[in-house]
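What follows is a short report on a single structure.
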Amino acid sequence: MAVDRTFRSAEELKEGLSEQQYIANDEISTILYLAQQIGKPLLAEGPAGVGKTELAKALAAATCRDLIRLQCYEGLDETKALYEWEYAKQLLYTQLLRDKLQETLSSSETLKDAADRLANEEDVFFSMRFLLQRPLLKAILSETPTVLLIDEIDRADAEFEAFLLEVLSDFQVSVPELGTLSAVHRPLVILTSNNTRELSEALKRRCLYLFIDYPTIDQELNVVRLKVPDLSPKLARQAVELVHKLRSFDLRKSPSISETLDWAKALVTLNAHNLDQSTLETTLSVLLKHEADLQKAKRMLFSPTNKRPGDYDMRSWQN
Amino acid sequence: MDQRIVQFVAALRANGVRISLAETADAFHGVESLGISDRDMFRYTLRATLVKENKDQPIFEKLFPLFFQGDEPPRMTNPEQDLTPEEADKIAEALKQFTDDIRKMLEKLMQGRPLNQNELAQLDQMMNINEVTDLRYQNYLTRQMEQALKFRQVQQALEELMAMLRQMGMDKQRVEQLQKMMEANQQALKDQLSRHVGQKIAENMSEHQHADRMDDLYNRPFASLSDDEMHQLRREVTRIAAVLRTRLALRLKRAKTGRLDVKSTLRNNQKYGSVPLELHHRDQKLKPKIVVICDISTSMRQISELMLSLLFAIQDQISKTQAFAFIDHIKYISPYFEGQQPQDAVRAILQQMPSGYYNTDLGASLVDFDERYLDMVDSHTTLIMVGDARNNYNDPRLETFRLIARRSRSAIWLNPEAIPLWGTGDSDMPKYAPLCNRIFQVSNLSQLSEAVDRLLLGR
Numbered sequence: 001m002a003v004d005r006t007f008r009s010a011e012e013l014k015e016g017l018s019e020q021q022y023i024a025n026d027e028i029s030t031i032l033y034l035a036q037q038i039g040k041p042l043l044a045e046g047p048a049g050v051g052k053t054e055l056a057k058a059l060a061a062a063t064c065r066d067l068i069r070l071q072c073y074e075g076l077d078e079t080k081a082l083y084e085w086e087y088a089k090q091l092l093y094t095q096l097l098r099d100k101l102q103e104t105l106s107s108s109e110t111l112k113d114a115a116d117r118l119a120n121e122e123d124v125f126f127s128m129r130f131l132l133q134r135p136l137l138k139a140i141l142s143e144t145p146t147v148l149l150i151d152e153i154d155r156a157d158a159e160f161e162a163f164l165l166e167v168l169s170d171f172q173v174s175v176p177e178l179g180t181l182s183a184v185h186r187p188l189v190i191l192t193s194n195n196t197r198e199l200s201e202a203l204k205r206r207c208l209y210l211f212i213d214y215p216t217i218d219q220e221l222n223v224v225r226l227k228v229p230d231l232s233p234k235l236a237r238q239a240v241e242l243v244h245k246l247r248s249f250d251l252r253k254s255p256s257i258s259e260t261l262d263w264a265k266a267l268v269t270l271n272a273h274n275l276d277q278s279t280l281e282t283t284l285s286v287l288l289k290h291e292a293d294l295q296k297a298k299r300m301l302f303s304p305t306n307k308r309p310g311d312y313d314m315r316s317w318q319n
Numbered sequence: 001m002d003q004r005i006v007q008f009v010a011a012l013r014a015n016g017v018r019i020s021l022a023e024t025a026d027a028f029h030g031v032e033s034l035g036i037s038d039r040d041m042f043r044y045t046l047r048a049t050l051v052k053e054n055k056d057q058p059i060f061e062k063l064f065p066l067f068f069q070g071d072e073p074p075r076m077t078n079p080e081q082d083l084t085p086e087e088a089d090k091i092a093e094a095l096k097q098f099t100d101d102i103r104k105m106l107e108k109l110m111q112g113r114p115l116n117q118n119e120l121a122q123l124d125q126m127m128n129i130n131e132v133t134d135l136r137y138q139n140y141l142t143r144q145m146e147q148a149l150k151f152r153q154v155q156q157a158l159e160e161l162m163a164m165l166r167q168m169g170m171d172k173q174r175v176e177q178l179q180k181m182m183e184a185n186q187q188a189l190k191d192q193l194s195r196h197v198g199q200k201i202a203e204n205m206s207e208h209q210h211a212d213r214m215d216d217l218y219n220r221p222f223a224s225l226s227d228d229e230m231h232q233l234r235r236e237v238t239r240i241a242a243v244l245r246t247r248l249a250l251r252l253k254r255a256k257t258g259r260l261d262v263k264s265t266l267r268n269n270q271k272y273g274s275v276p277l278e279l280h281h282r283d284q285k286l287k288p289k290i291v292v293i294c295d296i297s298t299s300m301r302q303i304s305e306l307m308l309s310l311l312f313a314i315q316d317q318i319s320k321t322q323a324f325a326f327i328d329h330i331k332y333i334s335p336y337f338e339g340q341q342p343q344d345a346v347r348a349i350l351q352q353m354p355s356g357y358y359n360t361d362l363g364a365s366l367v368d369f370d371e372r373y374l375d376m377v378d379s380h381t382t383l384i385m386v387g388d389a390r391n392n393y394n395d396p397r398l399e400t401f402r403l404i405a406r407r408s409r410s411a412i413w414l415n416p417e418a419i420p421l422w423g424t425g426d427s428d429m430p431k432y433a434p435l436c437n438r439i440f441q442v443s444n445l446s447q448l449s450e451a452v453d454r455l456l457l458g459r
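Chains A and B, in that order, give the protein sequences. Take the first sequence: its position 116, counted from the start at 1, is 116 in the numbering used here, and no numbers get skipped. Take the second sequence: its position 282, counted from the start at 1, is 282 in the numbering used here, and no numbers get skipped.
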């Protein structure tokens, strides 16, 4: 694996990201660079599907670091996030090592002596061998520098957030049986949140804050051109403009960048040449996932004010 | 520069952005490592380290240019430079007829000189600007200063001057050009004033600390809140909600060890040869289900809104909240809260139910509820009534309320009126009271948050 790469300026980081096919604006690259410089976790907030997770992946690739991902969900706790003792393995080992244990203990005369001897062997069973490393511990113990992605932190419970604070503030974990384990390399930490609930102030205080919004038409067009190069430039622009139009409607779920990309791919696969009504009708469900949204969008896009209902003119609803 | 950043932080705080000492330190670290040469980079650095809420970003964007615009003078052109001596003479001649101060201003515009520090200081004193700590006065004060500098008269004089020059036989195009440039200079002066006023106010804000205002607001009765204060309280509600949520979450976690679940324990321990290594417990279903019925007539709006905001902000600690609002009929309002901030939702609801006078009818609303939504109340549900129980002498429909209350796990009433007033006039509170399990008098935010805390903790 290639050596870890640190960037010397925000522009360099921006270029590094674009090599990984991630188009970052100045704000994103500056704040990311800042996070690297002052060693703070970065909290990225924004609507679903604007590329928050993608950002972490691109960063990992650009810095040649391993990406360790912790996906949060309701009910996530320390045993799933940090570490767990592997009971089954411990049990299996005690079974298999029974003879050896017997041997060790047989020469002892008193019960106390036997217990002492057993206690001496204790750390065999509570060693790293039986420690099941979950993402957080993995990131701390990793021999090589890593990028730690804590995805959708707003889905985890409030108490998990509190626990996370301890880990993020000094990157060390105390395992009672082993003592304190501290980080070999400080990982670059990126937290993402879809803002479904308010995060605690304590957590926010410890992070840099980055709000990623939907991109502008030109930015999104760049992304589409980069990721779906087969789509003709004219159609790509029309498609992106339509998506932006959809976002301006009051929908339950606005189409995200990833959905734009899916749609662009669909248009390529279907060999579409222009966005006429029939193409839209068949493919709009790639963008809009709620039936109500779909109906609404169709109503607003195919309104009777269009003069030629069959061939549908883009300009008519652009202004 | 350091001093400037500290002032900026103080001004942000004065505008309700919560910034800790650690975050200020982060900002300094960030600025140290990225430098201040690139203005955008500097702005991103401060924003990422100081502002952690998306809704606070507009405040940041508004204040930032006021603090870090730099004091460079406004861009003005100097039309006098390329005047021919003849033209200059003509102008000097024409200027003579104006009074002193107008002529001075016209000359200023002609030479493209910005207002200097002295002049600005004089204006500041005239306007008493050091007392002002609210950016909404920026436009007003700017206009006042323009008046003090007689901008309108100057504008008029400018027209006259141009007419005169034309009469004196100066080239038409040249006159027009001159006029355009002078008008542009006047605009630049206006911008300078506006920016100066903004900066001054921002500085005042940072010096003016009002830490205890919030405490005061907590204990102010809802009825006496101004729109502005209500706005501040709305922001506070999210904070209270965060605190409440942590408490509730901790309690749920501690309470998780319910009774031993034998079936699940046996099943899950088969992999250990049925040695019970992992114990499984039944989850105690402690998350409450809530049906809340809010009076949103004019007098009850503030408390209803704050209550709804609070409930929907701690949604993840409640298994289900069904919200209803009434004035003279009941309306199911939970759908409004999907994917919308509570205050926006409440605003949308209020638009749907405009309040009139003297049309509150709790009795009819209860009957309405009974007929259409009774199935939402079951033995796990906590019923919360928010309102003053003033019924306009309509039938209180006690039987209906008794029925709804008995179906629920418990019925709770939040009444913002002072206790001695209950039962006076058209208040039916004493009649409803015996049918409720608990009654809270909540007339301010601290009482409201305490009530919600207690009813969710079940104490």
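The beta carbon of each residue, even a glycine, is placed where N, CA and C say it ideally should be.
Closer than 8 Å by beta-carbon distance: list the chain B residues that pair up with residue i, in chain order.
{"i": "F211/A", "result": "N54 and Q57"}
{"i": "K204/A", "result": "K52 and E53"}
Find the residues of chain B that neighbour residue i, judging by a C-beta separation of less than 7 Å, and give them in chain order.
{"i": "Y22/A", "result": "Residues of chain B passing the Cβ test: none, with the nearest at roughly 18 Å."}
{"i": "A158/A", "result": "R245, T246 and A249"}
Determine the extent of the beta strand (DSSP E) in which residue i is found, giving its start and end residues.
{"i": "E159/B", "result": "Segment F151 to Q167 is the alpha helix (DSSP H) holding E159/B; no beta strand (DSSP E) there."}
{"i": "I296/B", "result": "Note, I296/B: premise wrong, no beta strand (DSSP E); not H, not E."}
{"i": "M385/B", "result": "T381 to V386"}
{"i": "G198/B", "result": "Run containing G198/B: none in the beta strand (DSSP E); it sits in the alpha helix (DSSP H), K172 to E207."}
{"i": "W263/A", "result": "W263/A -> not in any beta strand (DSSP E); alpha helix (DSSP H) instead, spanning I257 to T269."}
{"i": "T180/A", "result": "G179 to S182"}
{"i": "I190/A", "result": "L188 to S193"}
{"i": "Y44/B", "result": "Note, Y44/B: premise wrong, no beta strand (DSSP E); alpha helix (DSSP H) at R39 to L50."}
Does the CB of residue i have a neighbour CB from chain A at under 8 Å?
{"i": "L34/B", "result": "yes"}
{"i": "A451/B", "result": "no"}
{"i": "K331/B", "result": "no"}
{"i": "G198/B", "result": "no"}
{"i": "T49/B", "result": "yes"}
Since residue i and residue j should fall inside the 8 Å C-beta cutoff, what is the C-beta to C-beta distance between them, to a whole number of angstroms?
{"i": "D218/A", "j": "T144/A", "result": "Not confirmed; about 37 Å, so no contact."}
{"i": "I290/B", "j": "T381/B", "result": "7 Å"}
{"i": "E152/A", "j": "N194/A", "result": "6 Å"}
{"i": "V154/B", "j": "L106/B", "result": "7 Å"}
By the DSSP assignment, the alpha helix (DSSP H) with residue i in it spans what residues?
{"i": "Y432/B", "result": "M429 to Y432"}
{"i": "R14/A", "result": "The sequence as given places Lys at residue 14/A; Arg does not occur at that position. Residues A10 to E19."}
{"i": "N415/B", "result": "It is not in any alpha helix (DSSP H) - N415/B instead sits in the beta strand (DSSP E) that spans S410 to N415."}
{"i": "S97/B", "result": "Reading off the sequence shown, one finds Gln at residue 97/B, where the question assumed Ser. Unbroken run through Q97/B: none, as it is neither H nor E."}
{"i": "A325/B", "result": "Here A325/B belongs to no alpha helix (DSSP H); instead the beta strand (DSSP E) covers K320 to F326."}
{"i": "F8/B", "result": "D2 to A14"}
Is it right to say residue i is buried, meaning 16 or more other beta carbons lie within 10 angstroms of its own, or is it exposed?
{"i": "D227/B", "result": "exposed"}
{"i": "S443/B", "result": "buried"}
{"i": "L226/A", "result": "exposed"}
{"i": "V124/A", "result": "exposed"}
At a Cβ threshold of 8 Å, is residue i touching chain B?
{"i": "S200/A", "result": "yes"}
{"i": "K40/A", "result": "yes"}
{"i": "Y83/A", "result": "no"}
{"i": "Q219/A", "result": "no"}
{"i": "Q102/A", "result": "no"}
{"i": "E281/A", "result": "no"}
{"i": "D311/A", "result": "Note that D311/A scores 43 on pLDDT, short of 50, meaning its location in the model is unreliable and no value can be drawn from it."}
Please indicate yes or no: does the CB of residue i lie closer than 7 Å to some heavy atom of the ligand ZN?
{"i": "F326/B", "result": "Looking for the ligand ZN in the displayed structure turns up nothing, as the structure carries no ligands at all."}
For a contact meaning CB atoms closer than 8 Å, what does residue i contact in chain A?
{"i": "M41/B", "result": "A10, D26 and T30"}
{"i": "R18/B", "result": "E201"}
{"i": "T238/B", "result": "E198"}
{"i": "L23/B", "result": "Here residue 23/B is Glu; the residue named in the question, Leu, does not match the sequence. Ordered by position in chain A, the residues that pass the 8 Å Cβ test against E23/B are R205."}
{"i": "H380/B", "result": "Those do not exist, as H380/B stays about 20 Å from chain A at its closest Cβ, beyond 8 Å."}
In chain A, which residues lie with their C-beta within 9 Å of the C-beta of residue i?
{"i": "H280/B", "result": "By Cβ distance, chain A contributes nothing, its closest Cβ being about 14 Å from H280/B, past 9 Å."}
{"i": "L445/B", "result": "Near L445/B there are no residues of chain A at all, since even the closest Cβ is about 17 Å away, more than 9 Å."}
{"i": "L233/B", "result": "The premise fails here: L233/B is roughly 16 Å from chain A at the closest Cβ pair, so nothing lies under 9 Å."}
Cβ of residue i less than 8 Å from any chain E Cβ?
{"i": "K271/B", "result": "In summary, chain E is missing from the structure at hand, where the protein chains are A and B."}
Could you work out which residues of chain A lie near residue i, taking near to mean beta carbons separated by less than 7 Å?
{"i": "Y336/B", "result": "Here the premise fails: no neighbours, minimum Cβ distance about 13 Å."}
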